[in-house]
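These notes are about the structure you will find just below.
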Amino acid sequence: MSIIELKASSCVRSLSVESQCNRCEIVCPTDAIVIGENPLPSINYSVCVGCGACGGICPSESFKLDDFSSSNFFFNFLEDEENLISCRKNIPCISALSVEHIISLAVLKKEIVFDMGHCDGCEIASTCHKQILANHEEATYLLEAMENEAVIKLENISYEDDKQTDRRGFLSAINLKTVAKTKKSFEDEVKKASDELTEHTLAKTDIALLKKKKIPEKRTLFFTAIKRVQTPSQFHIVEADEVSFTSQKLMDEESCTACQMCYRVCPTGALTSDVKNSKIDFDPFLCIKCNICHDVCEPNAIKMSTAYNIKEFFEPVVQNLISFNVRRCNECNVVFSTNSNEKLCYRCKAEEEEARELWGIE
Ligand code: SF4
Ligand code: SF4
Ligand code: SF4
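The sequence shown begins at 2 in our numbering and counts up one residue at a time.
Structure follows, in structure tokens:
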């Protein structure tokens, strides 16, 4: 049975305690993933069934199975003459694929088939089946908006392979004591035998990685696939709520305080500034809709657009969301950016406000 691994430095929750991301916890069918007091997701390995749904839904590809890589699956599947995706053939669960993978495979193969024949009665259907249907609906909606004729079929094929009866193997091995015999390594056995939550923390070496902007592999695959399809006759506008993996942003210029938080935490570099911190630019090509820029923005100045233009898939353009005044602080002479006529930098202003409060000065 597979074992799930969290790359702590990639999880957006490691970037700010304000992050509200809990997609992995919601999709996990056995409650093996818990987000509690510890900022990062914790894992109860004894109930994890290795479906990989958390990996499929994670915006930053932070969860991975030790024996399944969606990128490797992608390339193997492209070479496969058949177009069937089944939990008894080539994937732990179809929910392990992201919408980006599904659209990319569909446009490159013209037709793909999801084998839904094993879903009835499957122990993990409670969340995984729903997720597969949601991913299918979103991918189909976007293919239509792209005027692409690729088809994603849902069929009750119930594929069986004598040599590989159950890709996950969990149905027959759900009892820990019986599974122990089939574990790959002693370490994995120990992890899974414990009913306790394994907490994740950041190692010293991870801290440097936090600042590194990373584009998930699924995004690279997606844009490589899109480059190979015909541009639609017109760029359709779709409901942004129906798109789970990217977004378009708007800025409430009045509310933005130029605090720099949003582009500093953005994990992919979709939000950026220049050396002087004189502006905020947004590159829709890189946005993974992780939401952390919204979670950290205290005045709620950065907004998600309610509409999404399919043009961004074909001709992404970096947009300027706001420009700031760059000036020297009257008090300490430090250069700072501001969205108002403020004469003091943030530190001097905070000190002044503290002093006023302390001495009761209006
Ligand atoms: S879905 Fe991914 S980014 Fe979000 S909390 Fe889970 S591991 Fe972290
Ligand atoms: S949009 Fe929000 S987080 Fe970004 S600089 Fe403005 S106030 Fe700060
Ligand atoms: S722009 Fe915001 S939602 Fe998009 S990747 Fe950056 S932080 Fe995440």
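Heads up, the beta-carbon is just placed ideally off N, CA and C, and yes, glycines get one too. Treat the numbers as computed from the prediction; the structure is a model and nothing was measured.
Check: residue i C-beta below 7 angstroms from any heavy atom of ligand 2
i: proline 300; result: yes
i: valine 297; result: yes
i: glutamate 305; result: According to the sequence shown, residue 305 is methionine rather than glutamate. The answer is no for methionine 305.
i: cysteine 349; result: no
i: threonine 258; result: yes
i: isoleucine 44; result: no
i: glutamine 320; result: no
i: glutamine 261; result: yes
i: methionine 252; result: yes
i: isoleucine 86; result: no
i: isoleucine 281; result: yes
Own chain, CB closer than 6 angstroms to residue i, minus 5 neighbours either side, in chain order
i: lysine 344; result: Asn331
i: proline 233; result: Met147 and Glu148
i: serine 96; result: Ala54, Gly57, Cys129, Gln132 and Ile133
i: glutamate 112; result: Asn84 and Val152
i: valine 244; result: Tyr309
i: serine 127; result: Pro30
i: methionine 262; result: Val297
i: cysteine 123; result: none
beta-carbon residue i near ligand 1 non-hydrogen atom, thresh 7 angstroms
i: cysteine 330; result: no
i: lysine 64; result: The sequence shown places phenylalanine at residue 64, rather than the lysine named in the question. Within the cutoff, so yes.
i: asparagine 292; result: no
i: arginine 265; result: no
i: asparagine 23; result: yes
i: serine 61; result: yes
i: leucine 7; result: yes
i: isoleucine 4; result: no
i: arginine 220; result: no
i: valine 35; result: no
i: isoleucine 216; result: no
i: cysteine 29; result: no
i: valine 13; result: yes
i: isoleucine 153; result: no
i: isoleucine 58; result: yes
Distance cut-off 7 angstroms: residue i Cβ against heavy atoms of ligand 3
i: methionine 269; result: At residue 269 the sequence reads threonine, which differs from the methionine that was named. Under cutoff, so the answer is yes.
i: serine 248; result: yes
i: cysteine 288; result: yes
i: leucine 272; result: yes
Spatial neighbours of residue i in its chain, beta-carbon cut-off 7 angstroms, leaving aside the 5 residues before and after
i: aspartate 67; result: Ser3, Ile4 and Glu6
i: lysine 280; result: Ser274, Asn321, Ile323, Ser324 and Phe325
i: cysteine 291; result: Val13, Cys22, Pro60, Ser61 and Pro268
i: isoleucine 36; result: Asn23, Glu26 and Pro42
i: glutamate 355; result: none
i: leucine 287; result: Ile216, Thr269, Gly270 and Ala271
i: leucine 106; result: Phe75, Phe78 and Ile113
i: serine 256; result: Pro300, Asn301 and Ala302
Same chain only: Cβ atoms within 8 angstroms of residue i, ignoring 5 sequence neighbours per side
i: serine 15; result: Ala9, Pro40, Leu41, Leu203, Asp207 and Leu211
i: cysteine 333; result: Cys346, Arg348 and Cys349
i: proline 93; result: Ser3, Gly51, Cys52, Gly53, Leu66, Phe69, Arg168 and Arg169
i: serine 72; result: Glu218, Lys219 and Leu222
i: asparagine 176; result: Any answer about asparagine 176 is weak, because its pLDDT of 44 lies below 50 and its placement is not dependable; what the coordinates show is given next. Closer than 8 angstroms at the Cβ level, and outside the excluded window around asparagine 176, lies no residue.
i: lysine 154; result: Glu112, Ile113, Val114 and Phe115
Inter-residue CB distance, residue i and residue j (contact presumed, cutoff 8 angstroms)
i: threonine 269; j: lysine 228; result: Wrong, their Cβ atoms sit about 19 angstroms apart, outside the cutoff.
i: leucine 79; j: isoleucine 104; result: Contact flag wrong, Cβ pair sits at about 14 angstroms.
i: glutamate 156; j: valine 114; result: 5 angstroms
i: histidine 119; j: cysteine 88; result: 6 angstroms
i: histidine 102; j: phenylalanine 75; result: 6 angstroms
i: glutamine 249; j: proline 285; result: 6 angstroms
i: isoleucine 289; j: threonine 247; result: 7 angstroms
i: tyrosine 46; j: threonine 199; result: 6 angstroms
i: alanine 226; j: leucine 98; result: Actually they do not touch by this definition, with Cβ atoms about 13 angstroms apart.
i: valine 336; j: valine 327; result: 6 angstroms
i: serine 11; j: isoleucine 293; result: Not really, about 12 angstroms apart at Cβ, beyond 8 angstroms.
Q: Evaluate contact between the stretch 259-277 and the stretch 232-242, counting only Cβ atoms and requiring at least three cross-stretch pairs below 8 angstroms.
A: no
Q.
At 3 residues or longer, what runs of the beta strand (DSSP E) sit wholly inside the stretch 267-343?
A. 280-283, 303-305, 308-310, 320-324, 326-329 and 336-339
Q.
Runs of 4 residues minimum, wholly inside the stretch 217-252: which ones carry the alpha helix (DSSP H) assignment?
A. 218-227
Q) Can we say the stretch 74-93 touches the stretch 17-30, given the rule of at least three CB pairs closer than 8 angstroms? A) no
(Q) I want to know whether the stretch 215-225 touches the stretch 291-306 - three or more CB-CB distances under 8 angstroms. (A) no
Q | Complete alpha helix (DSSP H) runs within the stretch 41-104 (minimum length 4 residues, chain order) | A | 54-58 and 71-80
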